[in-house]
């Protein structure tokens, strides 16, 4: 039961975007860790600015 | 095998029961001719129809027509970049998709269409959604997923040709302009001479900016925590608005005519399009999403607890075209008025482009594409209930423009009584007093009547003493996500324009080049600002012109999306299944073409644009108009002409795309060469279930 609730909470956080930075870090570690000249991961603050800019480029709200 | 048998029998019995219950509920609402009917019957019919359509029709389309392949890697997996392409849990994608597709449209359309009675609109919302809208969303999502998440415009260009692609692009841009104008008008009409509503809506702007600053500089990325603070502030602003309304010195600052409010919205729209997204747009969107979900759930709970009676007749005499809210017969205008909630072309833009980039597995397409549309349709049903639980006399008093029933309360009541709907001046005054408004006559646009409906439902379910608070809460709830659509739409329009202009001048196409940003934003704002201005000065309320125009445009975009889908089905050898999109397409083409024909050529001045323009010209020339109307008449005449040409343009574009699609299909069927299918080749998925369910 507790596990299910925790899972639900995690989904809600994912939906709101609270976990987007952690996901980005995970992705960064997975895909860029091996190469030597990989760019360093950006800060939480910079990430959210970039994330919102990307999100609002294009149609993402309608009638 | 034998073990499964009782289980499958059980399931069969349950589905038969759902079918019987649904049929019973549907026949109850369709055949009822008594005084009133309980709203629960509408909810029951809707839920049963959705369940059956989702379980059988959508599952059949997924399995047999689209042939969903669970082993195939989606673009989110193949092109994963940790940001826009990213395999995501299906519930999270569902949430994003639903938040994106469900705006104020399903609330406004059914409210206006309730002038025909509750039945026509309800049937169209249910049938349109399960056979049209949800199918469109689902197949578009599927085809875009199979094409790396390409947009509708790109798919039209790749599969049908350049003409189809350009038509989709231009159509989208124009719909955006008209949509924003009509939504702006809805907000203006809700705020007109209402210091409470105006101050509450005004407060949402600094609140959103405060939340933006909080998320940017104080606690970066703590979205939920910031949104929670924002929602509390929004609720406080409803109380504060009441306090301002009762304060004689402060209330005058927020008591305005339509025109200054329209200009304020125009300035606001421009600011929102050029300011950084983190400051206003993104935080406002969070707040509106939470408010929207919260209020819709609250409304559903209240309806189930309260089980209100619907007082509107099943069908009114206005099916003959004489309706006060907008002119035109039941066919085709109920289908044009209710676009969002039944079928909305705009969804095809979300289902292609944004959502497919998040899908972890093709099997989620049914739930996200088809399921989310059913939920939006359900929101439309609730809006229909909120509008029709009002006494019909009250409903028409709020929604009939002064140009139809007269600006004087006594005249308006007499006119509405002459239609056979009881209402008195005292009743309307008491209602306005209960809701904390100075008057509720001629508050067109749908928002005030929906708010009165919601307030009476909430008031009865959760405490009657707070009607004025509930009313202004409902107005704030509608305004906040109308303004989000307005912000986001202006910005999208700006991007589209920059994209188009980039073909002529490279610098104009750069989205961060400030002169270009200011220039293109001004053009977009001027475009919708013009229609908003005309809507405000129009004595008939403006909504009666703009909303059908928006409906025609939105249905036209849906027809383009269905054209692309039908074309792809036929090209990929699925001719025998092409009816799943071709049937709704044929219906949409019929209604949009008929509606457009009537809007252009009808001799009835309440329907035909040219007829209205000629009528006004004659009256102006013979000096029949009072001075105030004569002053704005030339602008209204120009606008009627413009609207007529715009409608012609929409229909012409629609038919060009259809002919283009038919040519491609005929060539394919007769073995001639056509543009190749642009589906990307199959790659085996490497994602396992455990990961996706993470």
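Residue numbers (the numbering used here), protein chains in the order written: chain Y, 1 to 63; chain W, 64 to 757.
Note that CB positions come from ideal geometry on N, CA and C, so glycine has one too.
Residues, ordered as in the chain, of the segment 324–350 of chain W that lie near chain Y by beta-carbon distance below 9 Å: 339, 340, 341, 344, 345, 348 and 349
CA-to-CA distance, residue 59/Y to residue 236/W, given in whole angstroms: 11 Å
CB contact flag (residue 161/W, residue 351/W, <8 Å): no
Residue(s) in a DSSP beta bridge with residue 100/W: 373/W
8 Å Cβ cut-off: residues of chain Y touching residue 187/W: Per Cβ cutoff of 8 Å: no residues; residue 187/W is ~17 Å from chain Y at best.
Euclidean distance between Cα positions of residue 199/W and residue 644/W: 7 Å
Below-8 Å beta-carbon distance, residue 3/Y vs any chain W residue: no
Backbone secondary structure at residue 50/Y - three-state DSSP: helix
Run of the alpha helix (DSSP H) containing residue 550/W, from where it starts to where it stops: 530–564
7 Å Cβ cut-off: residues of chain W touching residue 51/Y: 146
Residue 712/W versus residue 267/W: straight-line alpha-carbon distance, rounded: 38 Å
Beta carbon proximity, residue 54/Y to chain W, threshold 8 Å: yes
Own chain partners of residue 740/W with C-beta closer than 8 Å, once the 5 adjacent residues on each side are dropped: 222, 631, 634 and 635
Whole-number beta carbon distance between residue 372/W and residue 452/W, since they are thought to touch under 8 Å: 7 Å
Residue 547/W: contacting residues in chain Y (beta-carbon distance under 9 Å): 61
CB contact below 8 Å: residue 6/Y versus chain W: no
Cβ separation of residue 124/W and residue 218/W, assumed to be a contact under 8 Å, to the nearest whole Å: Their Cβ separation, rounded to whole angstroms, is 18 Å, which puts residue 124/W and residue 218/W out of contact at 8 Å.
Environment of residue 306/W [buried if 16+ CB atoms lie within 10 Å]: exposed
Residue-chain proximity (residue 154/W, chain Y), Cβ-Cβ < 8 Å: yes
DSSP bridge partner residues for residue 429/W (one or two, in chain order): Paired residues: none, contrary to the question.
Span separating the alpha-carbon of residue 432/W from that of residue 414/W: 7 Å
Whole-number beta carbon distance between residue 595/W and residue 328/W, since they are thought to touch under 8 Å: 7 Å
Contact under 8 Å by Cβ, residue 180/W with residue 377/W: yes
Nearest neighbour of residue 729/W, chosen from 275/W, 168/W, 629/W and 666/W [CA to CA]: 629/W
Same chain, Cβ closer than 6 Å to residue 757/W, neighbours up to 5 away in sequence not counted: With a pLDDT of only 42 at residue 757/W, under 50, the local geometry of the prediction cannot be trusted, and no value is derived from it.
Any non-hydrogen atom of the ligand SAH closer than 7 Å to residue 94/W Cβ: No copy of the ligand SAH appears in this structure; indeed no ligand is present at all.
Bridge-paired residues (DSSP) for residue 747/W: 135/W
Residue 393/W beta carbon less than 8 Å from that of residue 354/W: no
Assigned exposure category for residue 618/W - 16 Cβ within 10 Å defines buried: buried
Contained beta strand (DSSP E) runs [length at least 3] in the segment 300–378 of chain W, N- to C-terminal order: none
Cα-Cα separation between residue 153/W and residue 417/W, rounded to whole angstroms: 14 Å
Run of the alpha helix (DSSP H) containing residue 178/W, from where it starts to where it stops: Here residue 178/W belongs to no alpha helix (DSSP H), and DSSP marks it neither H nor E.
Three or more C-beta pairs below 8 Å linking the segment 267–282 of chain W and the segment 306–325 of chain W: no
Residue-level contact to chain Y via CB, residue 237/W, 8 Å cutoff: no
Pair within 8 Å by beta-carbon distance, residue 542/W and residue 517/W: no
Pick from 92/W, 434/W, 365/W and 561/W that is closest to residue 185/W, judged by C-alpha positions: 92/W
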